[in-house]
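Residue numbers (UniProt numbering): 1 to 312.
Ideal Cβ positions, reconstructed from N, Cα and C, are used throughout, including at glycine.
Notes for the one structure printed next.
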Amino acid sequence: MMSAYWMTEAIPLPVTSLLPVVLFPLLGVLGTEEVCIQYLKETNMMFIGGLIVAIAVENCNLHKRIALSIILLTGTSPMRLMFGFMITTMVLSMWISNTATTAMMVPIVQAVLDELKAHTDFENGRRVSQLTSLNTADSDQASGIFDPETRRKSLCRTGDLDTMTRPDPETICYYLGIAYASNLGGAGTLTGTGTNLTFKGLWDSLFPHADGVNFASWMLFNVPLMLVNVFASWLWLQFLFMGLFRGKKARPNFNKDQALLVKDMVRERVKELGAMSFDEGCTLALFIAVVLLWFFREPEFIPGWADIIPGV
1 MMSAYWMTEA IPLPVTSLLP VVLFPLLGVL GTEEVCIQYL KETNMMFIGG LIVAIAVENC
61 NLHKRIALSI ILLTGTSPMR LMFGFMITTM VLSMWISNTA TTAMMVPIVQ AVLDELKAHT
121 DFENGRRVSQ LTSLNTADSD QASGIFDPET RRKSLCRTGD LDTMTRPDPE TICYYLGIAY
181 ASNLGGAGTL TGTGTNLTFK GLWDSLFPHA DGVNFASWML FNVPLMLVNV FASWLWLQFL
241 FMGLFRGKKA RPNFNKDQAL LVKDMVRERV KELGAMSFDE GCTLALFIAV VLLWFFREPE
301 FIPGWADIIP GV
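Below you can see the structure in the form of structure tokens.
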């Protein structure tokens, strides 16, 4: 069969080359450890497996659908929106590399901030125009001066760099939250980042007779700490930049109209993705299956499927 696959290329050659890793243990030819060592060390093989799953999720845009859905569920008030962004980044970073997760989340955050800024500028311009029209005879000219689009173009012409480029506290808060959540989420699973697998490889080589580090034991130890740290980071950023526990005056001006604006924008992004495709459905099913197989291979607190199938 392998020879036929090599010659006909009925399936991609990289897939054909990895078939022995799956088939030999199931057919009782060789155990998983003996097969994997012919390719790479066990830790590196697990890293490649996680990378393949992550690439599949990114390729079909499943990660974007998951991110937008979580944001809609958490809400669009300032605190909930920030919490939703951090939870979304944390969840994705558990399975995708920290860098890729951050790179995916930044455009979403930027789009939300741009919508909020545009709405705020429009409201400020409208209020100023109304006040000016009461004290100016030529109301048309005054409203033109304070029109948001006219004012924006004027700022661009005059080169007011401080106004145009200096981030406000809310922007800093959102971007720092994404960075913190990405790093913390990567610590939640064994495949979350390369350093976790490096630790597993060092542990197995330095302490061969000790209890090994597996997917289940890693998650049971790290996921609670990850959740506590993400929540603590969210609280700290809210206190530092969003005025939490410091009274209403210290909080940013964020009204219900802006919350509805953000919700509508996120819903529009979800509509742009369309209905879940066949690729997304298959990838989601395989992703869930892979996670369950990783977790229940040798969970230690109950017999795993590796005890039922010898050699894997």
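Inset, instruction - Assign PRO286 to one of two classes, buried (16 or more other C-beta atoms within 10 Å of its C-beta) or exposed (fewer than that). - result: Per the sequence presented here, residue 286 reads as Leu, with Pro not at that position. Under a 10 Å Cβ-count criterion, LEU286 is classified as exposed, with fewer than 16 other Cβ atoms of the shown protein chains found around its own Cβ.
Inset, instruction - Pick out the complete alpha helix (DSSP H) segments inside the segment 77-111, 4 residues or longer, and give them in chain order. - result: You should have 78-93.
Inset, instruction - Examine chain D for any beta-carbon lying closer than 8 Å to the beta-carbon of ILE288, and answer yes or no. - result: In summary, chain D is missing from the structure at hand, where a single protein chain is found.
Legend entry - 8 Å Cβ cutoff met for ALA187 and MET226: Yes.
Legend entry - Cβ-Cβ distance between GLY192 and SER77 below 8 Å: No. Outside cutoff.
Inset, instruction - Please check the pair GLY177 and MET86, which I expect to be a contact at CB under 8 Å, by giving their CB distance rounded to whole angstroms. - result: 5 Å
Legend entry - Proximity below 8 Å, CB of ALA216 to CB of PRO299: yes
Inset, instruction - Output the residue ranges of the alpha helix (DSSP H) runs that lie fully inside the segment 184-234 and measure 4 residues or longer, sorted by chain position. - result: 194-206
Legend entry - For GLU34 and ILE108, the rounded distance between their alpha carbons: 45 Å
Inset, instruction - Leaving out five residues on either side along the sequence, give the residues of the same chain with a beta carbon under 7 Å from the beta carbon of LEU134. - result: The pLDDT assigned to LEU134 is 44, lower than 50, so where the model puts this residue is not dependable; a value taken from the coordinates is nonetheless given after this. Cβ within range, chain order: n/a, list empty.
Legend entry - Spatial distance of PRO167 from TYR175 (CA atoms): 10 Å
Legend entry - Nearest-angstrom beta carbon gap, LEU116 and residue 363 [assumed within contact, 8 Å]: The chain is shown from 1 up to 312; residue 363 falls before or after that span and cannot be answered.
Inset, instruction - Would you identify the three-state DSSP class for LEU40, choosing helix, strand or coil? - result: coil
Legend entry - Assigned secondary structure, VAL57 (DSSP; H/G/I helix, E/B strand, else coil): helix
Inset, instruction - Take every Cβ of the segment 53-60, pair it with every Cβ of the segment 68-83, and state whether three or more of those distances are shorter than 8 Å. - result: no
Legend entry - Boundaries (first-last residue) of the alpha helix (DSSP H) holding GLU272: 256-273
Legend entry - Selection from GLU272, MET276, VAL266, LEU13 that minimises the alpha carbon distance to LEU113: Selected option, being the one with the closest Cα: VAL266.
Inset, instruction - Counting only the same chain and skipping the five closest in sequence on each side, list residues whose C-beta sits under 8 Å from that of ASP138. - result: Note that ASP138 has pLDDT 46, beneath the 50 cutoff, so the model's placement of it is unreliable and no number is given.
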